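What follows is one structure encoded as structure tokens, with my remarks underneath.
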Ligand code: ADP
């Protein structure tokens, strides 16, 4: 499923964030220390190789909602944007912090002249953010931010499971 916002196409697919060969920057649902771990961060660090953690170390720690950028190392992507989602029930207000993740990642990409960005469903795994709520925040924030982007022409949500895909497609279809 696809929709246009300003110059930017927003689409949702089911898949693996580490296998997006046609995307310039993928976003990592990182931990504060920018270390490997479980979930998306583990998959991205495994695919990128140890150089990713080495390059990331001096940029850590980051706070919820912040985003930083590194190279993609052994990934098929030129860049990785690392953002720290809120832990649901701890980092408040959750919706604002989650929106900051998407907004700050896209602004950073746009400043670097990046044309395409792929996001996982930030905070919806180990960080416990309820899926439907998170999908609404993610899709609304990307759509709003896209109106003012110059360089980012494609934003792809890469959802791991069928339920994740469904929630994001529903949120996207509900937007004007
Ligand atoms: P967080 O700590 O921000 O909650 P997680 O990595 O635990 O991040 O999970 C975020 C979401 O990413 C979950 O929906 C999880 O199923 C999904 N996910 C895990 N591995 C991948 C992957 N390789 N590609 C895309 N999504 C993934």
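Residue numbers (the numbering used here): 15 to 190.
Note that CB positions come from ideal geometry on N, CA and C, so glycine has one too.
As the structure is a computational prediction, the values presented were derived from the model and not from experiment.
Can you give the Cα-Cα distance for residue i and residue j, rounded to whole angstroms?
i           : j           : result
residue 170 : residue 102 : 24 Å
residue 109 : residue 154 : 11 Å
residue 165 : residue 140 : 32 Å
residue 181 : residue 149 : 6 Å
residue 27  : residue 54  : 16 Å
residue 63  : residue 74  : 18 Å
residue 32  : residue 61  : 7 Å
residue 18  : residue 136 : 22 Å
residue 69  : residue 84  : 7 Å
residue 56  : residue 38  : 20 Å
residue 91  : residue 129 : 12 Å
residue 89  : residue 173 : 18 Å
residue 152 : residue 112 : 7 Å
residue 24  : residue 143 : 22 Å
residue 146 : residue 168 : 23 Å
Is it buried or exposed, residue i, if we count other Cβ atoms within 10 angstroms and call 16 or more buried?
i           : result
residue 2   : With the chain covering 15 to 190 only, the question about residue 2 has no answer from this structure.
residue 134 : buried
residue 162 : exposed
residue 72  : exposed
residue 188 : exposed
residue 46  : exposed
residue 30  : exposed
residue 100 : buried
Tell me which residue opens and which closes the beta strand (DSSP E) that residue i is part of.
i           : result
residue 180 : Unbroken run through residue 180 is the alpha helix (DSSP H), 176–187; no beta strand (DSSP E).
residue 40  : 39–43
residue 74  : Careful: residue 74 lies outside any beta strand (DSSP E) and carries neither H nor E.
residue 145 : That residue, residue 145, is in no beta strand (DSSP E); its alpha helix (DSSP H) goes 145–160.
residue 85  : 81–85
residue 169 : 168–173
residue 18  : 16–19
Exercise for the section: Mind the definition here: the stretch 60–79 touches the stretch 108–123 only if three or more C-beta pairs lie below 8 Å; say whether that holds. Expected result: yes
Handout entry: Contact between the stretch 85–96 and the stretch 37–57 (3+ Cβ pairs under 8 Å)
Key = yes
Problem - Length-filtered (4 minimum) alpha helix (DSSP H) runs lying within the stretch 98–141 - result: 108–125
Practice task
With a floor of 4 residues, list each alpha helix (DSSP H) that falls wholly inside the stretch 22–72, ordered by position along the chain.
Solution key: 53–62, 65–70
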